[in-house]
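*Asks:* Be aware that the sequence shown starts at 310, since it is given in my numbering, and climbs by one per residue.
Backbone N, C-alpha and C define an ideal beta-carbon position, used for all residues, glycine too.
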Amino acid sequence: MTTPPPAVLVFAATDPSGGAGLQADIMTLSSMGCHPLSVVTAVTIQDTTGVEDIFPLDAEWVADQARCILEDVPVSVFKLGVLGSIENIAAIAEIVSDYPEIPLVLDPVLASGRGDELASEDMIAALKDLIIPQSTIITPNTLEILRLTSDDNQEEDNQDLTLAAEEILATGCEYVLITGTHHHTTQVINTLYGREGVIRADGWERLSGSYHGSGCTLSSAIAAGLAQGLDIAEAVAEAQEYTWQTLKDAFRLGMGQPIPDRLFWAREDRHAGDTH
């Protein structure tokens, strides 16, 4: 019998468009050689233009989904996205605390690309108290890191972002990757912080526009790298390379944001002139 691929357990909300959320996580993990396991935390009404509504599942259902699969399948990494409610955050925090040896990747999705709120201030406080201290790495953009720290009115300069990262790390979180997609720079600069300071800073060509599910793609790709046995710096580097390629080959499915092509490597017709 074939050796199974590493399994990553995702806690996330659904996205009917397949561009973000649980569907984006599943496609990314599959594309990068992992087996995705999924716990639905909420159901959304959304398309490629934005989120119209969100319906959190009952916390008991969330916990039962996770406990059931964890009793059956060895999990290599946890990946968390939109969690839906304070009750869900508390339930998930209790579950992951029983598995401290499993790396935890948190994508702190606080709003959609259009700006639709996906987390209340109480939910942000619960994330800070219950989930972030247990996280191996969190992947906020510059707007999210400032909302997660003590002063969300500060300017987005490098010094403030460093202080914000240090504040997160002081809670017990091991690493913070701050993405520069919302920073007004010619290149997108993503900076990985650890307790010893900056571990790596990577610059990427800024592509035009914004994309539906880019953050989900990056965080899931990091989870895949960790599940495959890479160290944190290698996982972050490989995930950025993969994500940038998905954005470069993104396609417009509806009337809103383009969707990253998480299976870009399989679209041979797009690269007919390439040599293989």
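Just to confirm my understanding: we take Ala-473, look at its own chain, exclude 5 residues before and 5 after, and list those with CB closer than 7 Å. What are they?
*Replies:* The residues are Ile-454, Leu-455 and Thr-458.
*Asks:* Can you list, in chain order, the residues of its chain with a C-beta nearer than 7 Å to that of His-585? Leave out the 5 residues immediately preceding and following it.
*Replies:* The predicted model places His-585 with a pLDDT of 39, which falls under 50 and marks its position as unreliable; any figure quoted below should be read in that light. Answer for His-585: no residue qualifies.
*Asks:* Considering Glu-514, what are the terminal residues of the beta strand (DSSP E) in which it resides?
*Replies:* 506 to 514
*Asks:* Mind checking who Asp-356 pairs with in its DSSP beta bridge?
*Replies:* Gly-359
*Asks:* Applying the 10 Å Cβ sphere with the 16-neighbour rule, what's the burial state of Gly-582?
*Replies:* Caution is warranted here: a pLDDT of 49 is assigned to Gly-582, below 50, making its placement in the model unreliable, and no coordinate value can be reported.
*Asks:* Please tell me whether Ile-335 and Ser-347 are closer than 9 Å, where the distance is taken between their beta carbons.
*Replies:* Yes.
*Asks:* Rounded to whole angstroms, how far is the Cβ of Asp-367 from the Cβ of Leu-389, which I believe are closer than 8 Å?
*Replies:* With a beta-carbon spacing of about 18 Å, Asp-367 and Leu-389 fall beyond the 8 Å limit used to define contacts.
*Asks:* At what residues does the alpha helix (DSSP H) containing Thr-500 begin and finish?
*Replies:* Run containing Thr-500: none in the alpha helix (DSSP H); it sits in the beta strand (DSSP E), 496 to 503.
*Asks:* Mind checking Arg-571: buried by the 16 CB within 10 Å criterion, or exposed?
*Replies:* Arg-571 comes out buried.
*Asks:* Exposed or buried, Pro-383, counting other C-beta atoms within 10 Å across all chains shown (16 or more means buried)?
*Replies:* exposed
*Asks:* How many Å lie between Gln-374 and Arg-504 at the Cα?
*Replies:* Cα to Cα, the separation comes out at about 34 Å.
*Asks:* Using DSSP's beta-bridge definition, name the partner residues of Phe-387.
*Replies:* Leu-318 and Leu-413
*Asks:* Closest to Ile-568 by C-alpha separation, out of Ile-363, Gly-330 and Val-319, would be which residue?
*Replies:* Nearest option by C-alpha distance: Gly-330.
*Asks:* Can you have a look at Val-553 and say buried or exposed, based on whether 16 or more other CB atoms are within 10 angstroms of its CB?
*Replies:* In the sequence under discussion, the amino acid at residue 553 is Trp, which differs from the Val named in the question. Buried.
*Asks:* Please name the residue, chosen from Asp-438, Ser-385, Asn-499 and Leu-516, that lies closest to Ala-510 on a Cα-to-Cα basis.
*Replies:* Asn-499
*Asks:* Could you please give the first and the last residue of the uninterrupted alpha helix (DSSP H) stretch that includes Val-371?
*Replies:* Boundaries of the alpha helix (DSSP H) around Val-371: 368 to 379.
*Asks:* Take Ala-470 and list the residues in its own chain whose beta-carbon comes closer than 7 Å to its own, dropping the five residues that flank it on each side.
*Replies:* In the sequence under discussion, the amino acid at residue 470 is Leu, which differs from the Ala named in the question. Correct list, in chain order: Thr-451, Ile-454 and Ile-487.
*Asks:* Starting from Ile-568, follow its DSSP beta bridges and name the residues at the other end.
*Replies:* Looking at the DSSP output, Ile-568 bridges to Phe-560.
*Asks:* Buried or exposed: where does Gln-496 fall if 16 or more other Cβ atoms within 10 Å of its Cβ makes it buried?
*Replies:* exposed
*Asks:* Going by Cα to Cα distance, which pick from Cys-343, Asn-397 and Arg-376 is closest to Pro-365?
*Replies:* Asn-397
*Asks:* Alpha carbon to alpha carbon, how far is Ala-532 from Met-564?
*Replies:* 30 Å
*Asks:* Find the nearest neighbour of Thr-381 within the set Ala-316, Ala-400 and Arg-576, judged by alpha-carbon distance.
*Replies:* It is Asp, not Thr, that sits at residue 381 in the sequence shown. That would be Ala-316, whose Cα lies nearest to the Cα of Asp-381.
*Asks:* Are Glu-403 and Ala-372 touching if we call contact CB-CB under 9 Å?
*Replies:* yes
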